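Residue numbers for the sequence shown follow the numbering used here, so the first one is 29 and each next one is one higher. Each remark here refers to the structure printed beneath this line.
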Amino acid sequence: MSATNPRDEYEALNHAVDRLVRRIPWADEAGVRIMVAEEVAALGDARLRHFIPAMVEARVLRRLRAPGPLDIAV
């Protein structure tokens, strides 16, 4: 499992979760995984899948940095 050359989208998303949890110390992994799943679902119709992990990571990071309570579907 290489962070710089993931085998597939799933592996790349797992690396994104790891980076987000390290970057935002107060974010718990379970919550980050839920947000990643929500963002992947929101981008489910995307035809070009290569950039999905980077887009998901950016969207989750934006959500984590937003003021106020986290918006996580539980």
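Backbone N, C-alpha and C define an ideal beta-carbon position, used for all residues, glycine too. All figures in this text were calculated on a predicted structure; none of them were measured in a lab.
Query raised in the report: From which residue to which residue does the alpha helix (DSSP H) around L71 run?
Result: In the DSSP assignment, L71 falls outside any alpha helix (DSSP H) and carries neither an H nor an E.
Query - Distance between G96 and H43 (C-alpha atoms, nearest Å) - result: When the Cα atoms are used, H43 and G96 turn out to be separated by approximately 26 Å.
Query - Cβ neighbour criterion (16 or more within 10 Å) applied to E57 - result: E57 counts as exposed, since fewer than 16 other C-beta atoms from the protein chains shown sit within 10 angstroms of its C-beta.
Query raised in the report: Using the C-alpha atoms, what's the distance from R35 back to L71?
Result: Between the C-alpha atoms of L71 and R35 there is a straight-line separation of about 20 Å.
Requested in this report: Could you check the C-alpha separation between R93 and L48 for me, to the nearest Å?
Outcome: Roughly 11 Å separates the two Cα atoms.
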